[in-house]
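A.B. asks:
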Amino acid sequence: MLVQHRCFPIFYKTVMDGMAVRPCHRRLMKKTPFNILINIPKMQFESELLDVIVNRYNEEGDFFELGGQPIYFTAEDIALIIGLPAFGVTPKLDSSTTESKIKSRFFRNSSMITRGALKSTMSSLVDSNNPRDIKYFVRLWIAFMFSCFLFFIVHYNCLVPLLTMLDDLNSTWNYAWSVAIRNQVMEGVQKQRACIAERNEGQYSKSSMGYVFGCTVVLCAWFYEHTRTNRRRPANNRVSPRLFNWVMKLTRRRGEKDANPFRVKSNEVVIELQVDDGERWLLQGGSMAEIKRRNTPLNFWKKEEEQQLDEPRRQIGGGVVRSIILKRKLGQLHQSQGTRLIKKIKKMKKDMATLKGEMELLRRENEMLMAHRKENEEKALEEEDKNGLEEDLESEMFEDVNELSIVPYSQDPEEVRSPDCNELSIVPFSQDPEEGMLEEVLTEKRRNYQGKRFLDPYLCIGEKWISAWQIRDVLFKTELKDDALDMYFGILEEEPSVKKWFYVCSYAQKTLNNSDPITEDPMSAEAYMSTLSGFFRRCTTKMLKDIDMVLMPVHSAVKECQHWHLLVVDFKVHRFVEYNSMRTVAGFAEMTDIVVQWLKMYFKLIHLISDVENWPIG
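Residue numbers are given in UniProt numbering: position 448 of the sequence shown equals residue 448, and the series is strictly consecutive.
#1: Here's the rule: buried if 16 or more other CB atoms are within 10 angstroms of the residue's CB, otherwise exposed. What is residue 162?
#2: Give me, in chain order, the residues of the same chain whose beta-carbon lies closer than 6 angstroms to that of residue 101; leave out the 5 immediate sequence neighbours on both sides.
#3: In three-state DSSP terms, what is residue 183?
#4: Mind reading off the beta-carbon distance from residue 164 to residue 5? Whole number of angstroms is fine, and I expect it under 8 angstroms.
#5: Cutting at 7 angstroms between CB atoms, please list the residues of its own chain near residue 13, excluding the five before and the five after it.
#6: So, do the segment 114–122 and the segment 140–153 have three or more beta carbon pairs nearer to each other than 8 angstroms?
#7: According to DSSP, is residue 271 part of a helix, a strand, or is it coil?
#8: Report the CB separation of residue 178 from residue 75 in whole angstroms; it is logged as a contact under 8 angstroms.
#9: Whether or not the segment 63–79 and the segment 127–136 are in contact is what I'm after, with contact meaning three or more pairs of Cβ atoms, one per stretch, closer than 8 angstroms; do they touch?
#10: Given residue 159, which residues of its chain have a CB within under 8 angstroms of its CB, disregarding the five upstream and five downstream residues?
#11: To the nearest angstrom, how far is it from the Cα of residue 550 to the Cα of residue 361?
#12: Thinking C-beta only, is residue 226 closer than 8 angstroms to residue 269?
#13: Short check: CB of residue 196 to CB of residue 157, under 8 angstroms?
#14: Could you compute how far the alpha carbon of residue 656 sits from the alpha carbon of residue 221?
#15: So who's on the other strand from residue 212, going by DSSP bridges?
#16: In terms of residue numbering, what span does the beta strand (DSSP E) encompassing residue 73 cover?
#17: Quick one: grab the DSSP three-state call for residue 570.
#18: What number of angstroms, rounded off, separates the C-alpha of residue 617 from the C-alpha of residue 603?
#19: Decide if residue 35 is buried, meaning its Cβ has at least 16 other Cβ atoms within 10 Å, or exposed.
#20: Roughly how many angstroms separate the alpha carbons of residue 593 and residue 606, rounded to a whole number?
#21: Which whole-angstrom value is the C-beta distance of residue 50 and residue 212, which I expect to be below 8 angstroms?
#22: Under the rule that 16 or more other beta-carbon atoms within 10 Å means buried, what is residue 105, buried or exposed?
#23: What is the C-beta distance between residue 88 and residue 183, in whole angstroms, given that I count them as a contact (C-beta under 8 angstroms)?
#24: Label residue 274 either buried or exposed according to how many other C-beta atoms from any shown protein chain fall within 10 Å of its C-beta, with 16 as the threshold for buried.
#25: Please state whether DSSP places residue 87 in a helix, a strand or coil.
So, in structure tokens, the structure goes:
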């Protein structure tokens, strides 16, 4: 008989997905500390995991033994995992206070408030436009969340003393909810640890094993956070709160049916969780305005505008249910990345023939210009020789023979008269009158890699992950273009840590390119690698000899996905290198092939780089 629990967030998700919550409700819900839990994913854990964790609890030291090391289940860890503050007044779960606005209006004659009763009451208020009912709906929503997976007791009853704290929604920021979660969970762990000890000794009955009440999913996620092995990687390291990282069951390897999937080695234990800048307010607190500003909700599945119209609803079987619009939006969100790439690829293929013709025309013009210059220089040389010969003959007629100087036989008068003028410099294809000034701007100074200093604290610390908040602060609190270029160069130098950084960063692409690679009116960026069109206009043969690399963003993502794609042309090693933040999308590789074909044709025809066809794509 294993230790049991009744913490099932899936019921809360099912009810909220079917509830026709309107924007007027969401605006008020987002002003509470529970806004991060409005939309939650399906979270599932192994049934025996809770039993394993409780069995490793040490009563004397009040810690859990993981991998032979004592690990403490603290309120600070809970705050990082579930996203609720760990500072303020600790809610008293056993308080004798029972009076509250919710109980006085809806449950005056009820001693127990179940989640079913809360669900029915919410359904009766969801269509009301009365501001008073809107506030009561938000209070009921928080109480329903309590009864489903945050705070609950037997038969999924809500703790009545907690309802008093919901009378003033603004005051909900003043409570240390993470501390209360720990107190309730640890109370159940301590009781069940004694039952497990009797079970291990064979002196227990099935009826003696009880339940661990409270938010046990946090305890399971805490176990994964402190025991990160190759089989227990989070689903997405950028998701906040961290609880949403562990949304799937633990998958065992093939052939491990009888093995213990929860064994922990000493070198797999994370003693202390690292705190990101975006999570620090959960532990330190701040003013009310600062708390609300920092705690802007990061929706896990979708982002809805607050001012959008009410979603259409349908009557099915006499009940109001949510329409399928949100599900359709969710499907579009997952498919938007691939659809966008397909459209770009079609446009690039369509314009490739035109570009090839333009390149051929530029090559011919360049050859004609070089031939014309050579012809003019030859004519000038002939005129110079002719004028020089006439002057020599004329001077010989008037010079005194005794004053003539003797020219040694070994000296060639041709060499004395004129230098060799047969060498011709390669003429760039562009004859823009401002070209000289442009080249001076582009090649006046090599980059000094100052932006690399932003990455050094992160790329050299082993297993620590860089959060999206840190990358955002680095890129959007400084001069964007220069620091972003320096960061790119710094990444290329840190080869062992490149993959780790690329998979967690989602903002660097925006600093260089906010438009598609091929547009009718390409953006005029100061950085010459911003777009292909801008690169073609500014690139010269002299410039290619002075640089080592060209960093070329070839894909710009939308706000929902925030993926990026970078192509590096390495003139020093003679290769093309591809980096992107979503390697599983096949469209990235196809787009890279098309862009590389353009570049190879351009470098070969215009700049006469003969071996560019053999440059590999790394």
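A virtual CB, placed ideally from N, CA and C, is assigned to each residue, including glycine.
C.D. replies: On the basis of the coordinates in this document:
#1: Position 162 of the sequence shown, counting from 1, holds the residue named residue 162. Burial check for residue 162: the Cβ neighbour count within 10 Å reaches 16 or more, so the residue is buried.
#2: Within the sequence shown, residue 101 is the residue found at index 101, counting from 1. Cβ neighbours of residue 101 beyond the five flanking positions: 167.
#3: Counted from its first residue, the sequence shown places residue 183 at position 183. Residue 183 falls in the helix class under three-state DSSP.
#4: Translated into the one-based positions of the sequence shown, residue 164 becomes position 164. Translated into the one-based positions of the sequence shown, residue 5 becomes position 5. Here residue 164 is actually not in contact with residue 5; their C-beta atoms are around 26 angstroms apart, not less than 8 angstroms.
#5: Here the question's residue 13 lines up with position 13 in the sequence shown. In chain order, 40 and 42 place their CB closer than 7 angstroms to the CB of residue 13, counting only its own chain and leaving out the 5 sequence neighbours on each side.
#6: Judged by Cβ distances under 8 angstroms, the segment 114–122 makes contact with the segment 140–153, as three or more pairs qualify.
#7: For the purposes of this step, residue 271 is identified with residue 271 of the sequence shown, where counting begins at 1. Collapsing the DSSP output to three states places residue 271 in coil.
#8: Within the sequence shown, numbered from 1, the residue matching residue 178 stands at position 178. Within the sequence shown, numbered from 1, the residue matching residue 75 stands at position 75. Confirmed, Cβ separation roughly 5 angstroms.
#9: No, they do not touch.
#10: Here residue 159 refers to the residue found at position 159 when the sequence shown is read from its first residue. For residue 159, where only same-chain residues beyond five positions count, the Cβ hits under 8 angstroms are 93, 146, 151, 152 and 153.
#11: Translated into positions along the sequence shown, residue 550 becomes position 550. Translated into positions along the sequence shown, residue 361 becomes position 361. Rounded to the nearest whole angstrom, the C-alpha separation of residue 550 and residue 361 is 25 angstroms.
#12: The residue given as residue 269 occupies position 269 in the sequence shown. The residue given as residue 226 occupies position 226 in the sequence shown. For residue 269 and residue 226, yes; Cβs fall inside 8 angstroms.
#13: Within the sequence shown, residue 196 is the residue found at index 196, counting from 1. Within the sequence shown, residue 157 is the residue found at index 157, counting from 1. No, Cβ-Cβ distance for residue 196 and residue 157 is not below 8 angstroms.
#14: Nothing can be reported for residue 656, as the shown portion of the chain is limited to 1 through 618.
#15: As a position in the sequence shown, residue 212 is number 212, starting the count at 1. BP columns for residue 212 point to 5.
#16: Counting from one through the sequence shown, the residue named residue 73 turns up at place 73. Note, residue 73: premise wrong, no beta strand (DSSP E); not H, not E.
#17: As a working note, residue 570 is residue 570 in the sequence shown. Residue 570: strand per DSSP, three-state reduction.
#18: What you label residue 617 is simply residue 617 of the sequence shown in a count that begins at 1. What you label residue 603 is simply residue 603 of the sequence shown in a count that begins at 1. Across the structure, residue 617 and residue 603 are spaced so that their CA atoms are roughly 15 angstroms apart.
#19: Position 35 of the sequence shown holds residue 35. Result: buried.
#20: Taking the sequence shown and counting its residues from 1, the one referred to as residue 593 is at position 593. Taking the sequence shown and counting its residues from 1, the one referred to as residue 606 is at position 606. Each residue's alpha carbon lies about 20 angstroms from the other.
#21: For the purposes of this step, residue 50 is identified with residue 50 of the sequence shown, where counting begins at 1. For the purposes of this step, residue 212 is identified with residue 212 of the sequence shown, where counting begins at 1. With 8 angstroms as the limit, residue 50 and residue 212 qualify as a contact, their Cβ atoms being about 6 angstroms apart.
#22: Taking the sequence shown and counting its residues from 1, one reaches residue 105 at position 105. By the neighbour-count criterion, in which a residue is buried when 16 or more other Cβ atoms sit within 10 angstroms of its Cβ, residue 105 is exposed.
#23: Sequence index remark: in the sequence shown, residue 88 carries index 88 (1-based). Sequence index remark: in the sequence shown, residue 183 carries index 183 (1-based). About 14 angstroms separates the two Cβ atoms, so there is no contact after all.
#24: Here residue 274 corresponds to residue number 274 of the sequence shown, with the count starting at 1. Under this definition residue 274 is an exposed residue.
#25: If you number the sequence shown from 1, residue 87 lands on position 87. For residue 87, the secondary structure class from DSSP, reduced to helix, strand or coil, is coil.
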